[in-house]
Every structure is written in C-alpha cells, then in structure tokens.
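This report refers to the structure that appears directly beneath it.
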Amino acid sequence: MTSNTDTFEGGCTCGEVRYRMTSKPMFVHCCHCRSCQRETGASFALNAMIEADRVELLRSEVEVVNTPTDSGKGQKISRCPTCRIAVWSNYAGSGDAVRFVRVGTLDEPGRIPPDIHIFTRSKQPWIVLPTGMPAVPVYYKPKETWPGESQARFAALRSKAT
Ligand SMILES: [Zn+2]
Ligand SMILES: [Zn+2]
0 MTSNTDTFEG GCTCGEVRYR MTSKPMFVHC CHCRSCQRET GASFALNAMI EADRVELLRS
60 EVEVVNTPTD SGKGQKISRC PTCRIAVWSN YAGSGDAVRF VRVGTLDEPG RIPPDIHIFT
120 RSKQPWIVLP TGMPAVPVYY KPKETWPGES QARFAALRSK AT
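Following this line, the structure appears as structure tokens:
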C-alpha cells in the first residue's frame, strides 16, 4: 500500500526549473493523441494528474504557453523559461486546479506507470499494450475508472472551486 507521503521530484533539462510532487498522482494517462505525439516528438505523452497545490516549484518560475489541442479547448503548457522543456500542463477540461505533470521530467519516471491508455485510435501501430491494460479509443468516464480515493480527491477540488 502506497501512502500519500510519497514525494516525487523532477525538473527541466537545463536544471533551472525544479519541482516536487508532494503525493502520488490521482491518475496517470498515457495519451496517444496526435497532439501529444507532436509535442513529445515521439509516440505518446505520460501525464500524471495531480492537484496543483501538491506541486511545489522548488526553483525558478515556469513560462505558460497557450497551445492548441485536438478538442479545440487548448492547454496551458508550463515550460522552463530558459530551455523551454515542458514540465506540466493544465487542460481546459479540469482547469487550473489540476496539473498534468509530464512524467518524463521526473527524476525517477519509472515510479509512475500509466493507469490507462487513451486516444489509442491514433496509437502508433508498433506499440503493443500489455494484456489487461486499460485502454480506450478516445476518452473514458472517470467515475467508472478511477479508484475511490482519487475520485474523492478530485471531488474535494471541485468543492473548493465553487
Ligand atoms: Zn530549463
Ligand atoms: Zn494527448
């Protein structure tokens, strides 16, 4: 059983931006949409969804860049002002209260594996997902998919926002 005292540190490539996640994320998306492929220059993005107030900026500031998405609603990508590496995003759907931390920027990315694969309709054909791994062609319903503890954390955010 993982406790929520787990912390995870990460940063950009030049070392100017450093941050700490003060708990494990609520849920982790491996996203195979075309935007994520383009932004990473690779095959997918790995995004850890976590409350914004559980991400501490340890050094420097981030530069927020508005970036178009397939949904048309856009995302705000937070980047190092110097090397421009993206460390997290906020999507229109869940707003500023939820950060999508880019798992590849963590010091130990292997500690945060995906909970689900999304947008597999545009998955590159050579990627073979493990049997039994949750995967959906586009998106899914969090109420049917997230663990209860994560749903409670998300609900707490929503009540704070109103
Ligand atoms: Zn940097
Ligand atoms: Zn995506």
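If you read the sequence shown in numbering that gives the first Met the number 0, its first letter stands for residue 0, the second for the next number, and so on.
From the three backbone atoms N, C-alpha and C, an ideal C-beta is built for every residue, glycine too.
Legend entry - Three-state class that DSSP yields for Ala51 in the structure shown: It is helical.
Legend entry - Residue nearest to Ser121 in terms of C-alpha spacing, selected from Gly109, Asp95, Leu105 and Cys29: Ser121 has its Cα closest to that of Cys29, out of Gly109, Asp95, Leu105 and Cys29.
Legend entry - Distance cut-off 7 Å: Glu8 Cβ against heavy atoms of ligand 1: No, the beta carbon of Glu8 sits no closer than 7 Å to any heavy atom of ligand 1.
Legend entry - For Thr104, the three-state DSSP class (helix, strand or coil): DSSP places Thr104 in helix when its eight states are reduced to three.
Inset, instruction - Give a single yes or no on whether Glu15 has its beta carbon closer than 7 Å to a heavy atom of ligand 1. - result: Because some heavy atom of ligand 1 lies under 7 Å away, the Cβ of Glu15 counts as near it: yes.
Legend entry - Proximal residues to Leu88 (C-beta, below 6 Å), its chain only, five neighbours per side dropped: Reading off the sequence shown, one finds Ser at residue 88, where the question assumed Leu. Excluding five sequence positions before and after Ser88, the CB atoms of its chain that fall closer than 6 Å to its own CB belong to Gln74, Ile76 and Phe99, given in chain order.
Legend entry - In DSSP terms, what Cys11 is bridged to: Cys11 is not bridged to any residue.
Legend entry - Cα-Cα separation, Asn3 to Val64: At Asn3, the pLDDT of 48 sits below 50, so the modelled position is not reliable and the matter cannot be decided from this model.
Inset, instruction - Report whether the distance from the Cβ of Ile111 to the nearest heavy atom of ligand 4 is below 7 Å. - result: This structure does not include ligand 4; its bound ligands are ligand 1 and ligand 2.
Inset, instruction - For my contact list, Gly103 and Leu45 are in at a C-beta cut-off of 8 Å; report their separation, rounded to the angstrom. - result: Sure, about 6 Å apart at Cβ, within 8 Å.
Legend entry - DSSP-derived helix/strand/coil call for Thr1: Because the pLDDT of Thr1 is 48, which lies under 50, any placement of that residue in the model is unreliable, and the question is left without a value.
Inset, instruction - Closer than 6 Å is what we want: which residues have a beta carbon that near any heavy atom of ligand 2? List them in chain order. - result: For ligand 2, the residues with a Cβ under 6 Å from any of its heavy atoms are, in chain order, Cys30, Cys32, Ser34, Cys35, Ala44 and Phe118.
Legend entry - Rounded straight-line distance, which links the Cα of Val137 to that of Leu128: Going from the Cα of Leu128 to the Cα of Val137 covers about 15 Å.
Legend entry - Whether Ala91 touches Ile115 by CB criterion (8 Å): In this structure, Ala91 sits away from Ile115, with a CB-CB distance that is not shorter than 8 Å.
Inset, instruction - Note down the Cα distance separating Arg110 from Phe7, rounded to an integer number of angstroms. - result: Approximately 9 Å between the Cα atoms of the pair.
Inset, instruction - Please classify Ala154: does DSSP put it in a helix, a strand, or coil? - result: The answer is helix: DSSP assigns Ala154 an H, G or I state.
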